[in-house]
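Each residue of the sequence shown is one higher than the one before, starting from 15 at the first, in my numbering.
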Amino acid sequence: MDKLKERAEQAKSGPSWQGRSDGTGQENEHKYDCPKCKDQTGYLEMRDGYEVWVRCSCIEWRRSQKLMRSSEITDEFRKLGFKNFSTEGKPQIIQDAYECAYEYFQRFEDIREQRQNSIMLLGQPGTGKTHLLTAIANNLMYKKHVGVQYFPYVEGFNDLKDDFDKLEEKLTRMKEADVLFIDDLFKPAKGIPRATDWQVEQTYAVINHRYLNHKPIMISSELPIDQMVKIDEALATRIYEMCKQYLVLIQGDKFQLNHRLEDMT
């Protein structure tokens with residue numbers, strides 16, 4: 015009861031720093047993230063003649079913001095959604111990829127505990143694979159409050175190689191995240207997949223843990239499954255088994271598929 019009264023008083027008076035002087039003798043009115051509860055995550059409301067403490071609806075928004083900050087998805091990628099993904103004038107395979115991604119998001123809560131609970135978009139660069147998977151990630155965090163860990167394959171392993179002190183912590187986060195999003199797995203350099211023994215070993219450790227514990231993954235890659243199998247069969251077949259219900263391979267005329275080349279057609 016004492017704690018309830020204390021929170022009520024805080025809600026009435028606002029945070030202790032409200033109205034702090036800016037040094038000019040004038041008082042500043044603080045701008046709250048949520049004016050309804052003044053960032054107290056709740057407010058007093060009269061019900062049946064009694065004042066009761068009510069949780070504010072902004073709690074869900076705050077939860078989404080926390081998930082987004084911990085996801086390591088950049089500010090620019092946070093803008094990517096299904097509504098701003100264009101299929102107009104694109105080949106059918108792009109529409110298929112869009113529909114696959116959207117259906118996966120819609121059915122996520124029904125399949126998340128199953129063996130085939132993951133999604134993989136493969137094929138040529140510039141076809142929107144990352145956009146669609148990021149759209150799934152953003153919607154999972156904002157609308158379903160599901161945590162996503164983003165891991166850009168090339169940059170991520172470069173960072174880990176430069177600072178081995180981060181390795182165990184990072185791998186643990188990748189293993190335990192609600193959903194793991196690996197972007198550009200085995201990204202080729204001059205036509206040769208980036209897949210050192212060390213990279214494959216660390217990736218296998220993460221994927222195998224998630225495979226055994228039925229934890230979803232989302233993967234984009236320029237390589238088809240048969241090329242991944244040549245890199246490491248145990249790793250590739252685990253990924254395939256997890257993703258085979260939601261897998262699209264995008265191949266065709268690069269001038270029709272790659273959105274970065276649209277002005278050349």
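Cβ coordinates follow ideal geometry from the N, Cα and C atoms, glycine included.
Entirely within the segment 182-247 and at least 3 residues each: give me those beta strand (DSSP E) ranges in chain order. 193-197 and 231-235
Would you mind reading off the limits of the alpha helix (DSSP H) that contains Y116? The residue given as residue 116 occupies position 102 in the sequence shown. From DSSP, the alpha helix (DSSP H) with Y116 extends over Q106 to I125.
Strand pairing of L263, partner residues [DSSP]: The residue given as residue 263 occupies position 249 in the sequence shown. DSSP lists L136 as partners of L263.
Using C-beta distances below 6 Å, list every residue in its chain close to F132, excluding the 5 sequence neighbours before and after it, in chain order. Translated into the one-based positions of the sequence shown, residue 132 becomes position 118. Inspection of the sequence shows that residue 132 is occupied by Ser rather than by Phe. Excluding sequence neighbours, S132 sits near P230, I231, M256 and C257.
Taking DSSP as the reference, what is the three-state secondary structure of E59? Your numbering for residue 59 matches position 45 in the sequence shown. Three-state result, E59: strand.
Just verifying my parser: in three-state terms, what is the DSSP assignment at Q255? Working through the sequence shown from its first residue, we reach residue 255 at position 241. In the sequence on display, residue 255 carries Glu and not Gln. Residue state, collapsed to three classes: helix.
What three-state label does DSSP hand F96 in the structure shown? Numbered from its first residue, the sequence shown carries residue 96 at position 82. Three-state DSSP puts F96 in coil, outside helix and strand.
Give me the DSSP bridge partner(s) of P166. For this step, residue 166 is matched to residue 152 along the sequence shown. Paired residues: D197.
Out of K175, R92 and Q259, point me to the one whose CA is closest to Q216's CA. In the sequence shown, counting from the first residue as 1, residue 216 sits at position 202. Residue K175 is the option with its Cα nearest to Q216.
So, for R252: in the same chain, excluding its five sequence neighbours on each side, which residues have a beta-carbon less than 7 Å away from its beta-carbon? What you label residue 252 is simply residue 238 of the sequence shown in a count that begins at 1. These residues qualify, in order along the chain: I221, N222 and Y225.
Do the CB positions of A151 and Y164 come within less than 8 Å of each other? In the sequence shown, the residue the question calls residue 151 occupies position 137. In the sequence shown, the residue the question calls residue 164 occupies position 150. Closer than 8 Å, so yes.
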